[in-house]
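Presented below is the structure to which this report refers.
Residue numbers (the numbering used here): 138 to 386.
Next comes the structure, spelled out in structure tokens:
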């Protein structure tokens, strides 16, 4: 014998369970679950309500607190202090960097100046030495030219020997008898011709020496000598102008 409840449940239309006319007590556990699962619809939030609307609703219930005037003023003051601190830090860093760069530049400039001054001093010293060398060379050359001109004059004007002999005799401290006058052979011939009688009356004797250059002479007595050779007389001239005469010896 078939169960009428089972027949109604099994042969119901697809997708729908036939429960009409049945009391709750007559429903099986499966039927009660099916009814609860498909018939009961929970309250759902309308689909049109978005997340933004929910947030607005929350904000309306709990509105954000607005800062007071004192808080705004404190924030502005703190921001101003921070800005001032940053500006001061920038200025301090710039000043320190500028001062360090300035000091480094001064030190480098002083070093360059010292090096340049040393270079200039060395250059000036070298120029002074060159000037002195050139001046001395010019003076030596001038003296040598003058000496050769004097010798050339003595060669072209042999009569100059007469004045030289007179000067040499006059340089003696006292006139001495039996004095010797030494001359170059050519000059001795000229002196004998022009002054021989005078010298003979005074007791002078003439001697010749080929080592003596023309234009020079040597006077010898028992107590003194006069060297009037060209080399000696020229040495005295050079010494009179403060020049070294060692090269002439």
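All C-beta atoms in this analysis are idealised placements derived from N, C-alpha and C, irrespective of residue type, glycine included.
Under 6 Å Cβ to Cβ from residue i, same chain only, skipping five residues before and after it: list those, please.
| i | result |
| --- | --- |
| residue 324 | 298 and 351 |
| residue 344 | 317 and 319 |
| residue 357 | 317 |
| residue 208 | none |
| residue 256 | none |
Taking residue i as part of the alpha helix (DSSP H), name the residues at either end of that continuous run.
| i | result |
| --- | --- |
| residue 300 | 297-307 |
Can you grab the Cα-Cα spacing for the pair residue i / residue j, in whole Å?
| i | j | result |
| --- | --- | --- |
| residue 260 | residue 250 | 15 Å |
| residue 273 | residue 378 | 12 Å |
| residue 233 | residue 241 | 12 Å |
| residue 223 | residue 216 | 11 Å |
| residue 308 | residue 364 | 10 Å |
| residue 263 | residue 252 | 16 Å |
| residue 226 | residue 218 | 12 Å |
| residue 266 | residue 258 | 12 Å |
| residue 231 | residue 246 | 22 Å |
| residue 346 | residue 271 | 39 Å |
| residue 214 | residue 206 | 12 Å |
| residue 228 | residue 220 | 12 Å |
| residue 235 | residue 269 | 50 Å |
| residue 368 | residue 374 | 10 Å |
| residue 296 | residue 304 | 14 Å |
| residue 294 | residue 330 | 15 Å |
| residue 326 | residue 334 | 13 Å |
| residue 254 | residue 248 | 10 Å |
Sorted by chain position, which residues of the same chain lie with C-beta nearer than 8 Å to residue i's C-beta, five sequence neighbours on each side aside?
| i | result |
| --- | --- |
| residue 366 | 349, 350, 353, 354 and 355 |
| residue 328 | 298, 299, 302, 318, 320, 336 and 343 |
| residue 212 | 204 |
| residue 362 | 355 and 356 |
| residue 338 | none |
| residue 239 | none |
| residue 210 | none |
Applying the 10 Å Cβ sphere with the 16-neighbour rule, what's the burial state of residue i?
| i | result |
| --- | --- |
| residue 169 | At residue 169 the pLDDT is 49, less than 50, meaning the model places this residue with poor confidence; the figure from the coordinates comes in the next sentence. Flag for residue 169 reads exposed. |
| residue 321 | buried |
| residue 243 | exposed |
| residue 316 | buried |
| residue 332 | buried |
| residue 306 | buried |
| residue 301 | buried |
Which parts of the region 322-378 are runs of the beta strand (DSSP E), unbroken and 3 residues or longer, counting only runs that do not cross its ends? As far as the region 322-378 is concerned, its whole beta strand (DSSP E) runs of at least 3 residues are 342-345, 354-357 and 362-365.
Report the residue ranges of all beta strand (DSSP E) runs contained in full by the region 210-277; include only those spanning at least 3 residues, in chain order. none
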